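To convert, count from 1 in the sequence shown and add 971; that's this note's numbering.
These notes are about the structure you will find just below.
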Amino acid sequence: MAKKSAPPLTDLHLTTWQTLIAILTKHRALHSHYSPSVKHLPRTTATEPFQISVISDTRKHTTTKTPEPTSALTLFTALKGEHFNGIHFIKKAYDLGIQAIMLNAKDLAQPSVFEEPPLKKIPNQQNSSAKQIAAQPPQSLKTWLRNHNLYYLAVRNPITALGLLAQYKLKLLPGFKIAITGSAGKTSTRHFLMKLLAKKYNVYNPPQNFNNALGVPLSIFAITKPYDFYLFELGMSGQGEIKWLSNLIRPDLTIITSILPAHIKQLKSLRNIASAKAEIFHHQRSYKKIDSRSSHSLPRGNVFYPTHIAERNVIEQQARKYQLKCNPYDSTSYQHKIILEKPFALKTLIFAKNNVPVIKLPACSPFSSQFLALGEKLLPLFALTKKDLEIALTTYTGAKRRLEQKLDAPKIIDDAYNANPTSMIDIIKFFAPLQAESSVKNLIFVLADMLELGKKEVFFHNQLAQLLNHTLSAKGMVFCYGKLMLNTYKQLTIRHKYHFFTQQVLFETLLQCISPRDIVIFKGSNGMKLDKVVSALIKTLKQKY
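Okay, here's the thing in structure tokens:
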């Protein structure tokens, strides 16, 4: 039976393939490559546009359709995670018709796990029976790839290599790049900017909050056409990470939403956190530099941040070091509060310091006044109007798992994507006034551990209890989940307090306590996986009410 081979590459694919090789060779990221049709490769350098589709998880692809000859070159990147190694999915990628593989060079020598080696029988000296053993050692992954005529790039670090390829693709795309970072509010700000800019421009907004060394390149490879604006958020857990991501994007404009004690376990101080966030400036285009390829005159080199941001001097020193223009925006000129409208709808009201209402948002957002202040600063830069800003605010509905309203009666609010001491305090203060509403029976906070706080983790959890004791009335209930939240629970003096070590008991107790006129807010670090409790609770409550 003839052995199946990978689909051949077209001349367009081969041009792209050589471009990939040239890019990775230039940056010394390529160890070796295999190109079955190498003698037919057109002579080119890494200066041409290329079409490439990147797949990093074959589990999300179930069809076996071979790519059309005119489509982009499909590259499967074999990544190694905490619980899996991408090389184990190469056979599925091959079956899907994927034309090329990028993998860690060290994995080439690994034995192939895709085919059983032939067996042979050998006599057993103790009796007349025979046993079977492998006739030969299993072939290496390198041999398997070559036997199946699969193009491959063996690189020193697949994630770094993926970033370099993404950087090249984005560099070729015309348009204005905006990068957002901060300890909290990145995703919400990105979604707000999408609403604001989309009134006049074509905007690329990544479908998910991919903001790390793998996610940002995947967001770039998901771009299928040129846009006027590209929005990216940059996350980090330590020094150097945002500098690398800024290098991939080369932003024209940057926004730092906040500096809070998130990741303080690794970075030790707010000053170090601010320095790590300010790495976003390292590769930002200066306002003194003019790009001759630009088809528009949008101002580059601008940095935006709240006037009250912690370690503001660090942000401004770093911005000026890279010849960037500082644009602080004063969100304290506005205030916001949550309101409850009939029948049971939560909205955010923004008003000026003189208590004059300015605008009403359909979403629950403690960032709403910050959005308004930032939006006012951006309007003249992008030739937008106050009406555009008003429409953006009144149509902003929030981001997934960021104060996301998932059920109306009872009202379930999911804000459990992440948590730090400041964001936890803000949420409690934001929702506490709802206790005064006669239509609200109970205001329930489901709080999970705040992670990565280092030596001050107990202090911050105890501090949270002090706020809850001072803020909550008889309508207030607190459900604490996790080892660190036990500290909070022990310090609580309110009547309705509970603590849980397991999600199952937490879920069962919530189910017994919740009534249709309750408002339930979930908040905690993403690593505590409160989303599982939220999903199970909603599913059950929909059947119950």
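Note that the Cβ used here is the ideal one computed from N, Cα and C, for glycine as well.
Because the structure is a prediction, the values reported are computed rather than measured.
With contacts defined as CB atoms closer than 8 Å, N1497 and N1389 qualify as a contacting pair. Within the region 1170-1255, complete alpha helix (DSSP H) segments of at least 4 residues are found at 1186-1192, 1212-1220, 1235-1238 and 1241-1248, given in chain order.
Sequence-distant partners of D1359 (beyond 5 residues in either direction) whose C-beta falls short of 6 Å from its own C-beta, in its chain, are K1170. The shortest C-alpha to C-alpha distance from K1494 to any of P1404, E1375 and Y1516 is the one to E1375. Ranking T1225, T1160 and P1314 by CA distance to the CA of E1287 puts T1225 first.
Shown here for S1208: same chain residues with a beta carbon closer than 7 Å to its own, the five before and five after excluded, namely H1234 and Q1237 in chain order. For the set Y1123, S1111, K1113 and H1054, the Cα lying nearest the Cα of W988 is the one of Y1123. Nearest to R1372 by C-alpha distance, out of Y1198, I1492, I1220 and T1195, is I1492.
According to the DSSP secondary-structure assignment, T1319 is paired through a beta bridge with I1309 and L1332. Taking C-alpha positions only, S1410 is separated from Y1305 by approximately 28 Å.
Straight-line measurement puts the Cα of Q1255 at about 19 Å from the Cα of V1174. In this structure, the straight-line span from the alpha carbon of F1181 to that of N1284 is close to 29 Å. Here A1245 is buried. Its C-beta has 16 or more other C-beta atoms within 10 Å. L1185 is not a Cβ neighbour of I994, given a cutoff of 8 Å. Setting aside the 5 residues that flank it on each side, P1232 is surrounded in the same chain by S1154, L1241, I1244, N1391, P1392, T1393, L1424, K1427 and F1431, each with a C-beta closer than 8 Å to its C-beta; the list follows chain order. K1377 places its beta carbon less than 8 Å from that of V1505. When rounded, the separation of the alpha-carbon atoms in K1313 and L1512 is 21 Å.
Rounded to the nearest whole angstrom, the C-alpha separation of S1302 and I1330 is 14 Å.
The alpha-carbon of H1253 is positioned some 11 Å away from that of R1291. Per DSSP, A1387 lies in no alpha helix (DSSP H) segment and is marked neither H nor E. One alpha carbon belongs to H1004, the other to I992, and they sit about 8 Å apart.
DSSP places I1286 in no beta strand (DSSP E) but in the uninterrupted alpha helix (DSSP H) bounded by R1283 to K1292. Taking all protein chains shown into account, G1156 has 16 or more neighbouring C-beta atoms within 10 Å of its C-beta and is therefore buried. Put simply, of V1084, R1117, A1419 and K1196 the residue whose alpha carbon is nearest the alpha carbon of S1006 is R1117.
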